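Okay, so here's the structure we're looking at.
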Amino acid sequence: MAFDPGAVAEKNGRYFGFPYSEEEGEILILPAGWDVTTSYRDGASRGPAAVLDASPQLDFTSPYRDKAWETKIASVAPDANWLKENALLRPLAKEVINALENGRAPDARLLARVNEGGAAFHAALEARTAGALAKGKGVVTLGGDHSVALGPIRAHAAAFKNISVLHIDAHADLRVAYEGFEHSHASVMHHVARLPQVSALVQVGLRDISPEELKETETNEKIYAHFDWDIRRATARGISWDDQTRAMIAPLSDLVYISVDIDGLDPKYCPGTGTPVPGGLELWELLYLIEAVQSSGRRIVGADLMEVAPGDTEWDANVGARILFQLCQFVRNGQDH
101 MAFDPGAVAE
111 KNGRYFGFPY
121 SEEEGEILIL
131 PAGWDVTTSY
141 RDGASRGPAA
151 VLDASPQLDF
161 TSPYRDKAWE
171 TKIASVAPDA
181 NWLKENALLR
191 PLAKEVINAL
201 ENGRAPDARL
211 LARVNEGGAA
221 FHAALEARTA
231 GALAKGKGVV
241 TLGGDHSVAL
251 GPIRAHAAAF
261 KNISVLHIDA
271 HADLRVAYEG
281 FEHSHASVMH
291 HVARLPQVSA
301 LVQVGLRDIS
311 PEELKETETN
321 EKIYAHFDWD
331 IRRATARGIS
341 WDDQTRAMIA
351 PLSDLVYISV
361 DIDGLDPKYC
371 PGTGTPVPGG
381 LELWELLYLI
391 EAVQSSGRRI
401 VGADLMEVAP
411 GDTEWDANVG
421 ARILFQLCQF
431 VRNGQDH
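Going from the sequence shown to this note's numbering is simple: count from 1 and add 100.
What follows is the structure, encoded as structure tokens:
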């Protein structure tokens, strides 16, 4: 069935109202509503559903791909078991966090249960991603807190053998088992940087970082960190965003995975996100950076969008849907590479 971009988009349970099945899709959107280890505000688990609801009202053109509406974007059905497990484990994780915040030792049994459930979820998501990649599909994962990115990145690393990761975020996510959670949202890039198939981790927009993480960015030869304050200093001194992005992407390998935490943007775009931080990228700066990767001749093999959480209005989901659509186009271009 062809998609008519001029018609009223249907709310058919698929992202953007596109009609394509998983078998027909060139790009699969894989939703994973998981926010078990969120350390500040809940809500990222509801992000995929909120973005789904907002997505049909877009107009489907893109400056990054001609006739973008012809990209066959299909939607993977949410896994009910993941949502059920998230609802079960989140209260347990809150008990662990509450104990730590009040100076008490957490219940070791609760912590072990959360870690066990998290490991199972991430393994299942990795397997689901790997299966899609084996069929030649492009995959864009939609979280969920940023821990969700680990399984898809592992799957892409295994499938493509030698990749690099461009990570846009307010946070470095380099903590070791933050709050005792082995798969914390604050630890995801600690794991990614240790994957043997990942040659470089380029982080852009960082502006809330612990001393431990700062040391890691300075001593780990794989990591190239670009802090928001340095970006603003460079801009104030007349260095164009084009020149800055060229320097940022220089360490990336030929095959690139894009991981976007929406809190890498100025919070005006994502007021509902779990850990908002003042400052951050403009939307155009984010997309220009990703376009720079594509324009350099590198191939974007996969992507994710994390930490979209519905706020009091549809705004967060609206912005998230627009970023998601463009990420799909970048990955589709990578298939043509």
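Glycine included, every Cβ here is placed at the ideal spot set by N, Cα and C.
Given the structure is predicted, the values throughout are model-derived calculations rather than measurements.
Checklist entry - Beta carbon of L355, beta carbon of R398: below 9 Å? => result With respect to R398, L355 sits close: the two C-beta atoms are nearer than 9 Å.
Item to check | DSSP bridge partner residues for T241 (one or two, in chain order) | outcome: L130, D404
Item to check | Given D153 as reference, the closest of A232, L295, E201, V419 once Cα atoms are compared | outcome: V419
Next on the checklist: Give me the residue from A223, F103, E414 with the minimum Cα distance to S247.
Outcome noted: A223
Next on the checklist: Just to confirm before moving on: does the CB-CB distance between R209 and V136 stay below 9 Å?
Outcome noted: no
Item to check | Beta-ladder partner(s) of A180, from DSSP | outcome: DSSP links A180 through a beta bridge to no other residue.
Next on the checklist: Measuring only the C-alpha atoms, how far is L387 from A193?
Outcome noted: 34 Å
Item to check | Whole-angstrom distance between L242 and A300, CA atom to CA atom | outcome: A300 and L242 have their C-alpha atoms roughly 23 Å apart.
Checklist entry - For A300, which three-state DSSP category applies? => result strand
Checklist entry - What residues match up with F327 in a beta bridge as DSSP calls it? => result L306
Checklist entry - So, I349 versus V240, is the Cβ gap smaller than 9 Å? => result no
Item to check | CA-to-CA distance, L225 to R294, given in whole angstroms | outcome: 19 Å
Item to check | Classification of I81 by the beta-carbon crowding that lies within 10 angstroms, buried from 16 upward | outcome: In this structure the chain extends from 101 to 437, so residue 81 is not present and cannot be described.
Checklist entry - What residue range is occupied by the uninterrupted alpha helix (DSSP H) comprising A417? => result Its alpha helix (DSSP H) spans residues 415-436.
Checklist entry - Identify the residues that DSSP records as bridge partners of S264: which are they? => result Per DSSP, A300, V356.
Item to check | Local conformation of H271 per DSSP, three classes | outcome: strand
Checklist entry - How close, in whole Å, do the beta carbons of F116 and P156 come, if the pair is a contact with beta carbons under 8 Å? => result Yes, they are in contact, since the Cβ atoms of F116 and P156 sit about 6 Å apart, within 8 Å.
Next on the checklist: Using only the alpha-carbon positions, how far apart do E123 and A259 sit?
Outcome noted: 20 Å
Checklist entry - What does DSSP give as the partner residues of S336 in its beta bridges? => result Per the sequence shown, the amino acid found at residue 336 is Ala instead of Ser. None; A336 has no bridge partner.
Checklist entry - In this structure, does DSSP put S396 in helix, strand or coil? => result coil
Item to check | Inter-stretch contact (C-beta, 8 Å, three-pair minimum) for the segment 171-184 and the segment 423-433 | outcome: They touch, by the three-pair rule.
Checklist entry - What is the C-beta distance between P410 and G372, in whole angstroms, given that I count them as a contact (C-beta under 8 Å)? => result 6 Å
Next on the checklist: Spatial neighbours of V360 within its chain, please: C-beta separation below 6 Å, excluding the five flanking residues on both sides.
Outcome noted: I268, L405
Item to check | Best match in V288, V298, Q426 for proximity to L274 [C-alpha to C-alpha] | outcome: Among V288, V298, Q426, the Cα nearest to that of L274 belongs to V288.
Next on the checklist: Three or more C-beta pairs under 8 Å: does that hold for the segment 205-220 against the segment 277-286?
Outcome noted: yes
Item to check | Rounded C-alpha distance that separates K261 from A255 | outcome: 10 Å
Checklist entry - Thinking C-beta only, is G374 closer than 9 Å to T229? => result No.
Checklist entry - Whose C-alpha, out of L188, A232, N186, W415, is nearest the C-alpha of Y369? => result W415
Checklist entry - Secondary structure at A168, three-state DSSP: helix, strand or coil? => result helix
Checklist entry - How long is the line joining the alpha carbons of S264 and L424, rounded to whole angstroms? => result For S264 and L424, the distance between alpha carbons rounds to 20 Å.
Checklist entry - Roughly how many angstroms lie between the CA atoms of A417 and A109, to the nearest whole one? => result 17 Å
Checklist entry - Can you give the Cα-Cα distance for I400 and K322, rounded to whole angstroms? => result 19 Å
Checklist entry - Between E439 and G217, which are expected to be in contact by the criterion C-beta below 8 Å, what is the C-beta distance as a whole number of angstroms? => result It is not possible to answer for residue 439, since the shown part of the chain is limited to 101 through 437.
Checklist entry - If you compare alpha carbons, which of R146, T161, H271, P367 is closest to S310? => result H271
Checklist entry - Given that a residue counts as buried once 16 or more other Cβ atoms are within 10 Å of its Cβ, and exposed if not, what is K237? => result Its Cβ being crowded by 16 or more others within 10 Å, K237 is buried.
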